[in-house]
Structures are given as C-alpha cells and as structure tokens.
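> Line by line, the protein sequences are chains C and B.
All residue numbers for the first sequence refer to this note's numbering, where the first residue is 1 and numbers rise by one.
All residue numbers for the second sequence refer to this note's numbering, where the first residue is 1001 and numbers rise by one.
Quick reminder that beta carbons are idealized off the backbone N, C-alpha and C, glycines included.
Sending over a structure as structure tokens; questions will come in a sec.
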Amino acid sequence: MKDGGSTAAVAATPADPARLVPWSRSVPATLGLYFTFIRLAFLKFLAYRLRYYTGVVSYTVFVTGHYYIYRALFASTVAEPGQPVLIGGLTLPEMITYVAVGWIGRSFYFNNIARELSRMIQEGEIAMNLIKPFHLQTVMMFEVVGEAAFRLLMFTLPIVIVIVPVFDVMAPPRPDLYGWTFLSFLLALVIYSQWNFLIGCLAFYLKNIQGVLRAQMVSMDFLTGVILPFSMFPGWFQTVTAWLPFQGISYIPVTIYLGKRTGPDLYQAIGIQLAWAVGLFIAGRLLYRYSVSKVIVQGG
Amino acid sequence: MEPIIQVRDLTRDYRLTHKREGVAGGLVDLIRPRRRVLRAVDNVSFSIDPGEMVGYIGANGAGKSTTIKMLTGILTPTAGTVRVGGLVPWSDRLQYTRHIGAVFGQRTQLWWDLAVVESFRLLKKIYEVSDDVYARQMGVFNDLLGIDEFLHQPVRKLSLGQRMRCDLAAALLHQPRILFLDEPTIGLDVVAKENVRVFLREIRDLQGVTVILTTHDLGDIEQLCRRVIIIDKGKVHFDGDLEDLRVRVGRRVRLSLELREGISSDRLVGLTAGLPVSWEANEGKLHLAEFRREEVSGADVIKAVVNAFPVSDLHLAEPAIEEIVRDIYRASGKGQA
C-alpha cells in the first residue's frame, strides 16, 4: 500500500502494449479501503452474532468462579493488625475489579487470526490474497479492528452491564483513567493481533499447527495476566514477563484502570505497549515476506 | 511486436520426503529423513505477445499450475526469469498484481460470507476502479454472464457454475492486462462450460486482454486458443499453432463402418492391401480403420470397401486434440528412452 500523492488511473489501452503502467493508491483511497475492511468484518461478525450471546454467559461464569475463589482466599488470610488483607498487593475489592476488568478487556481484544491465517496457509487459500495488490497483514489488522468494534458493542457492553453491578466492580480512582484504560486496551488489541499473526505464520513451516495454537492460547491467558495478577507470582517470573509483550495485553491496561500506574509510570507503560505494537507489526511483516518467498504454498 | 510475457529458463524444484515403511522405518525417518528433489518445471521458456490467448496444457502434475503460480507471483522459482510488462511477478507483487486477474478453478477469490455484490464493491476499492468503469464492466458481465440474478446472494450459497461466472467477472472487473485461468471449467456441466467459453471469447475480442489458460479439457483449447504450449514432466514439448500441431502429428482420420453382414476384419485388410490403412482387428458388423489423409484419401478407402460389401452406415472423423496430445507425449517418451 504505497501512499502516493495522486491517483494514477490505469488506462484501458496503454501507449505501449507490452508495458505495465506504474500505479499507486492515493491516501484517501487507502483510508477508504481500510475502512471498507473494517466495515465488512463488522458485518460478517454481525451475521454470526448468536454465538456471542453464549459468550456473555461463559465470561460471567469465569468471573463468578474467580469471585468466590478470591473471597475464600482473602477470608482465610490473616492481615497485619489494623491493615486490610492484601494479596499480591491488592485488596479484595481491587482483586475482584482486576479479574472483572481483565475479562471485560479480553472480550474486546480477543480474536482468532492465528487460526484464520494458519488455515489460509494450510488450505492454500493464501494464494488468493497473494494475487491482490494489498498487504495481507495490514488487511487482517483492519479486519481485527472491525471485529473488535463488533465485540465492543455486542459482547463487551452486555458483559459490563451484567458484571459491573453484580460484583461491585470499582470505578478507577480518577475519571481520566477510563480514557487511558481504553487507549491501553486499543494497544493491547494491536499487540494481541500482531502476536497472533506471527504465530499464524508458523503454519508455513509446520504441517500440524493445532497443538501450537492450543498451547499458545492457554499460556497466553497466563502470560497476559488475565488468570492471575503478576504480583502474585514469584519474582523471577515477574522479571521474565516484564520482557515479554504479553503484559501489554492485559496486565498493563488493568493496572492502569486500578490506578496503580500514575504520572511517569503511566506514560512509560503506554510507551512499552506502543513499542511492542510497532515491533511486532514489523516482525510480522518481515516474517510473512520471508515465508512467502521461501515456502511453498500448499495445494492447488 | 514486443512480447508482454517473457519466460526464460524457468525452473522450480520441490523437495519431497520419502517415508520409509514400518515402525522402524518411521523412527529412522525421524533422524535421517530421505529427501528427493522433484523438478516440477524444468527450463521452460516462452514469450507471449499482448492480446494473445494461449492454451497451456498438460496432464495432471505436468507443471502447469506451478508455472502459473510463478507467473502470478505466488511462487518464487528455483532458477530462471519471468518478466511481465517489465515487472518481476514475485518481487514487484504490489505493482504487478494491480494489472493481472486470475481465476483458479478450485478456489474462489470472493468473500465467502458476503453477498456477491459486496465482493465486487470491495474489489472496486482495492483496484481503485472508477464509478464509470465499474458500471460499464458490471453491465458487460451481466449481459454475458447474467450475474445480476444472484448478485445479492452470499457466495457460499451459489452453485459451482454461478460461482465460476462471478469469479470470472471478479478477475476482470479492474480491466487487467493479463488474465490467468487455471482450470476455469473444472467440474462444470456442459452448459456452464459453454457459457464460460463464450464469455472468454467475447471478453478477448472486447477488451484485448492477454490470456493464459491451463486446462486438461481440450475442448476449451479448441474453442478458445490459436496457440498452445504443451508441457509434460516440467518440459515444454510443443509451442505453436494448434493447426501446426495437427499437421505435425499428421492428419489422422478415423473411418467407422457398419456393414450389413458381420465379417472378419482380415477380409477388409485384404481389400485395402495396397493402401496404408490399419484396421482394428474385429469380428462382426462394426469396423474401424485409421489412415493419414496426406497418404491416402478417404474416398479411395470407402470405394474399396463399398465395392466388395454392402455398407449400411459410415462415418469419417478427425482425431480430437486429446489424441494429438497423447501422441505428442508418446513421441517424446520414446525420444527420451
């Protein structure tokens, strides 16, 4: 997708019949194209919206389960005299809020593009994308945006309406943190989808990628901090996660929401997310390009 | 005229793993896999002028699809060069794909879950097709393919014939300079096949697009292409006019006879003893003779038979192109041995 200054229309009968005329897509046309991909993805998921109603139930069940586990855990822990019970540096209401916001966020950023991309590679469908003048990675990213817009409206919102009053989810300490949290979850969406794109590219090299996909899905929820806050893990684990992109998917946005990051810490956290988003995007572009040039696209 | 497509010494290898048999073999495979290199396309060279419609034919696994994949930029060759209109398909992909259209018979480029018209609108955006051109092209497609009737159905609900018509339209919407068709009539019934062929003829005359067509339905070739390239085991065996191909193999003619009474074919062989005619050994009323038109005229053969036996029916036929191709393969097989 080159952002050329002007639109060079392709003439039907060119001056030299043996030459192909150079061509570039104008900036408005590029934006229009991407908006179309967002819109189409939104429509596609809207057509399958029924399956998300069950998702609202299962997410609520997850949060309910965690709610009772943490209540029992906090009730059985003895605090310093005069102090509230703290586990992993969080009070019980904070812990419940951590879990709820984590799952609410997951309902927004989650997508299946690793599976989708690996399917396209293994069934050879990727060929149909290689003969079109666009970058598949960029297209998939905007489809993810469309999917996320759909999820926000049809999935995240219902979950918020159910979970927030039922479990007394706390508001952030300052109202501006709503905005920061949302920004942070947007970056989480980019990190999550670009990581998934990289994983999907492994299908160029592996005959059977199902195991990898399943393993990464399970370990992701751990490494992002959705299942447990990092502060409950041993120190070495926290050091490792600090160097991985996954903290930017859930742990960072949720701790922003809880007001655990303020001032320079907040900017630094957003900066880390931004760096990972850009870094993973570039890595995905390079790996995809290399893979396409080296590896045989399977099937007809 | 300067050619639009130039292919030189194009070669593509695939690496295959050979599995050993049994459990022990499987374990050995883990440590030392047996690999073999398969040369799918072997030093292929040809060039195609703007506006030509070329049939690229060969049996399954002959290397047709591999060549097309390299020409469309999906696959990088092991060796050799391809230049299309000054571009290298696999390295100038974004520039190049703007100018080509492709239909792969077994796949669709339409968006599966969307109504057909949504796919066309998206393609319009992808290729920056102006409103005028879009309206004009859609008009042409509707006249020739009648796609309006299912424009608002989701692609997954279309029949194979309908889907193929849509795919053809989708490949041509942006007025590509080169159109690649990989088995465009595969799996279609007779009527649908005919529709596709008529459309391709019209579009060739109307829009002057350069077409490369792979198929193993030689009916496609006979009706559409003047020039054919025959490929077998990765090598080009013939490149030239369809007519030349017929001449090269010789104008074999087949005469089928139905006699009033059953006889042995030996007696027919005796009748045409002086002529270069071969009879299929047979007893009964039906007999089959083959000869070359340049060596003997059909009339002489028929005269010889009719004078001796009462004939109830007879039929003279030129060989189908399929047989010609089979002959080419056979000849080249002998050449190698």
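Does any residue of chain B have a CB that is nearer than 8 Å to the CB of methionine 220 of chain C?
no
> What residues of chain E sit near glycine 32 of chain C, judged by a beta carbon separation below 7 Å?
Of the chains in the structure shown, none is chain E; the protein chains are C and B.
> List the endpoints of the continuous alpha helix (DSSP H) containing alanine 1169 of chain B.
1160–1172
> With distances taken between CB atoms, is the gap from glycine 1085 of chain B to arginine 1177 of chain B smaller than 8 Å?
Going by C-beta atoms, glycine 1085 of chain B is nearer than 8 Å to arginine 1177 of chain B.
> Give me the Cα-Cα distance between isoleucine 252 of chain C and glycine 1105 of chain B, rounded to the nearest whole angstrom.
C-alpha separation (whole angstroms): 48 Å.
> Who are the neighbours of serine 293 of chain C on chain B, taking C-beta pairs under 8 Å?
Thr1076 and Trp1090
> Between the alpha carbons of alanine 79 of chain C and valine 85 of chain C, how many angstroms are there, rounded?
5 Å
> Taking Cβ to Cβ, would you say asparagine 196 of chain C is nearer than 8 Å to asparagine 111 of chain C?
yes
> Just the Cα atoms here: how many angstroms apart are glycine 299 of chain C and glutamine 122 of chain C?
Confidence in glycine 299 of chain C is poor, its pLDDT being 43 and thus under 50, which makes the residue's placement unreliable; the coordinate value appears in the next sentence. Cα to Cα, glycine 299 of chain C sits roughly 8 Å from glutamine 122 of chain C.
> Below 8 Å CB to CB, which residues in the same chain sit around leucine 266 of chain C once its five sequence neighbours on both sides are set aside?
Trp180 and Ile256
> Using three-state DSSP, classify methionine 1001 of chain B as helix, strand or coil.
coil
> Report, in whole angstroms, the separation of the C-beta atoms of isoleucine 104 of chain C and threonine 156 of chain C, which I expect to be a contact under 8 Å.
6 Å
> In chain order, which continuous runs of the alpha helix (DSSP H) of length 4 or greater are located wholly inside the stretch 96–145 of chain C?
Correct list: 113–122 and 126–130.
> Using only CA atoms, which one of C/Leu223, C/Arg261 and C/Tyr109 lies nearest to aspartate 176 of chain C?
C/Arg261
> For valine 1084 of chain B, go through chain C and note every residue whose CB falls closer than 8 Å to its CB, in chain order.
Leu20
> Classify lysine 1019 of chain B as helix, strand or coil using the three-state DSSP reduction.
Reduced to three states, the DSSP call for lysine 1019 of chain B is coil.
> Please return the same chain residues whose Cβ sits closer than 7 Å to the Cβ of leucine 223 of chain C, not counting the five positions on each side in sequence.
Thr241, Leu244 and Phe246
> Counting along the chain, where does the beta strand (DSSP E) carrying threonine 1081 of chain B start and finish?
Its beta strand (DSSP E) spans residues 1079–1084.
> Would you mind telling me which residues of chain C sit closer than 7 Å to proline 1050 of chain B, beta carbon to beta carbon, in chain order?
Pro17 and Ala18, listed in chain order.
> Can the beta-carbon of isoleucine 249 of chain C be found closer than 8 Å to that of alanine 149 of chain C?
no
> Would you tell me roughly how many angstroms separate the C-alpha atoms of threonine 1097 of chain B and arginine 1036 of chain B, rounded to the nearest one?
33 Å
> Among B/Thr1215, B/Cys1166, B/Met1001 and B/Arg1136, whose alpha-carbon lies nearest the alpha-carbon of phenylalanine 1150 of chain B?
B/Cys1166
> Using the Cα positions of alanine 47 of chain C and leucine 1224 of chain B, report the straight-line distance between them to the nearest angstrom.
About 41 Å.
> Do you know offhand how far glycine 1073 of chain B's Cα is from isoleucine 131 of chain C's?
For glycine 1073 of chain B and isoleucine 131 of chain C, the distance between alpha carbons rounds to 7 Å.
> Does the beta-carbon distance from leucine 1181 of chain B to valine 1116 of chain B come in below 8 Å?
no
> For histidine 1315 of chain B, which of helix, strand or coil comes out of DSSP?
strand
> Using the beta-carbon count (16 or more within 10 Å), is glycine 271 of chain C buried or exposed?
exposed
> Is it right to say alanine 1348 of chain B is buried, meaning 16 or more other beta carbons lie within 10 angstroms of its own, or is it exposed?
Residue numbering for chain B in the displayed model covers 1001 to 1337; residue 1348 of chain B lies beyond these limits and cannot be assessed.
> Terminal residues of the continuous alpha helix (DSSP H) containing methionine 170 of chain C?
Segment: none, methionine 170 of chain C is in no alpha helix (DSSP H) and carries neither H nor E.
> For glutamate 1202 of chain B, decide whether its Cβ has a neighbour in chain C, counting only Cβ atoms nearer than 8 Å.
no
> Among C/Val212, C/Pro229, C/Ser291 and C/Val254, which residue has its Cα nearest to the Cα of alanine 114 of chain C?
The closest CA to that of alanine 114 of chain C, considering only C/Val212, C/Pro229, C/Ser291 and C/Val254, is found on C/Val212.
> Going by other Cβ atoms of all chains shown within 10 Å of its Cβ, with 16 needed for buried, is histidine 1287 of chain B buried or exposed?
Classification for histidine 1287 of chain B: buried.
> Based on the DSSP secondary-structure assignment, which residues constitute the bridge partners of arginine 1227 of chain B?
B/Val1054 and B/Asp1241
> Closer than 8 Å, CB to CB, is isoleucine 282 of chain C near chain B or not?
no
> Against chain B, with Cβ distances strictly below 8 Å, would lysine 302 of chain C count as a contact?
Look at the range of chain C in this structure, 1 to 300, and you will see that residue 302 of chain C is not part of it.
> Taking the beta carbon of aspartate 1232 of chain B as the centre, do at least 16 other beta carbons fall within 10 Å, making it buried, or is it exposed?
It is buried - the Cβ of aspartate 1232 of chain B has at least 16 other Cβ atoms within 10 Å.
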